[in-house]
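Residue numbers (the numbering used here): 2 to 287.
Scroll down for the structure; my scribbles are underneath it.
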Ligand code: SIN
């Protein structure tokens, strides 16, 4: 079978048509899906996937080993009981108990970039969608790099930046999760090249994000701040982004090595949002 695919935006991202993940999926077909995902610069949409958590997990495992709940109990409570591979993202509460992490990812980031080996991919499945709002915006970090001038690319080559959870605690919804626990967040940090090479495509991608990247190593703070600010702004120019309007049972797979994303928390006056995410482990950026 050859997959039916159409672009979701002029720049990047693609939708696979006519596939039902509740049915068995052969290795050849999975190979085509994976290639389509790489070719679409790391954003692939499959609509109408009425799948169980087990099927979501089984499909995600085809991409690689999955991250499971553990570590900070403040975050572990958001995993689906009985399914430690599924992280729940939601504003919903039952009897006052959160049914998922509210405001997860409501800032530009690449998942877990503060880790020495950040996640390779994430697969987000929409189970309940508000009638309006709650979109996710993706930025193409290949294009962000390719549209820099040659002198700017040369300057960035070889530079390293620090990514830290503490940076996110100070600036994002992580502040709520690590309240009174800043020391633990401060210990979670890693240094990565500002321009990374995608290990499968061989292409270069910008690898900094507003949520987790705190500073460029070896630069004076005001130099680092100015350059990072320029890169954050450049990466999220309208030409570099795709805004996904969710439908119930959409599954979106993104590649954290060449895309970053932003969950828009504008929907709460209109309805509830409930999503399941699996996270595939990754390699050390180079
Ligand atoms: C995330 O950053 O994983 C959450 C994305 C979303 O809820 O749209």
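Virtual Cβ for every residue (Gly too), placed ideally from N, Cα, C.
Proximity winner among the options, relative to residue i (alpha-carbon distances)
i: residue 128; options: 120, 97, 87, 108; result: 87
i: residue 204; options: 241, 152, 258, 99; result: 258
i: residue 14; options: 162, 58, 40; result: 40
i: residue 140; options: 55, 232, 36, 17; result: 232
i: residue 190; options: 173, 53, 176, 169; result: 169
i: residue 244; options: 89, 261, 171; result: 261
i: residue 102; options: 24, 112, 79, 108; result: 79
i: residue 211; options: 106, 268, 251; result: 106
i: residue 146; options: 57, 234, 246, 6; result: 234
Alpha carbon of residue i to alpha carbon of residue j, nearest angstrom
i: residue 207; j: residue 44; result: 16 Å
i: residue 42; j: residue 178; result: 32 Å
i: residue 278; j: residue 216; result: 29 Å
i: residue 115; j: residue 188; result: 10 Å
i: residue 85; j: residue 36; result: 28 Å
i: residue 192; j: residue 162; result: 6 Å
i: residue 29; j: residue 3; result: 10 Å
i: residue 94; j: residue 60; result: 28 Å
i: residue 52; j: residue 22; result: 7 Å
i: residue 290; j: residue 186; result: In this structure the chain extends from 2 to 287, so residue 290 is not present and cannot be described.
i: residue 181; j: residue 175; result: 12 Å
i: residue 124; j: residue 227; result: 33 Å
i: residue 285; j: residue 248; result: 34 Å
i: residue 110; j: residue 214; result: 9 Å
i: residue 117; j: residue 195; result: 14 Å
i: residue 99; j: residue 199; result: 36 Å
i: residue 50; j: residue 153; result: 42 Å
i: residue 31; j: residue 252; result: 15 Å
i: residue 68; j: residue 74; result: 15 Å
i: residue 126; j: residue 90; result: 10 Å
Distance between beta carbons of residue j and residue i, contact taken as under 8 Å
i: residue 135; j: residue 274; result: 4 Å
i: residue 283; j: residue 121; result: 3 Å
i: residue 271; j: residue 82; result: At roughly 28 Å, the Cβ-Cβ gap does not stay under 8 Å, so residue 271 and residue 82 are not in contact.
i: residue 108; j: residue 172; result: 7 Å
i: residue 47; j: residue 20; result: 6 Å
**OP:** Under 7 Å from any heavy atom of the ligand SIN, by CB: list those residues in chain order, please.
**Re:** 90, 105, 106, 110, 112, 123, 125, 137, 262, 264, 276, 278
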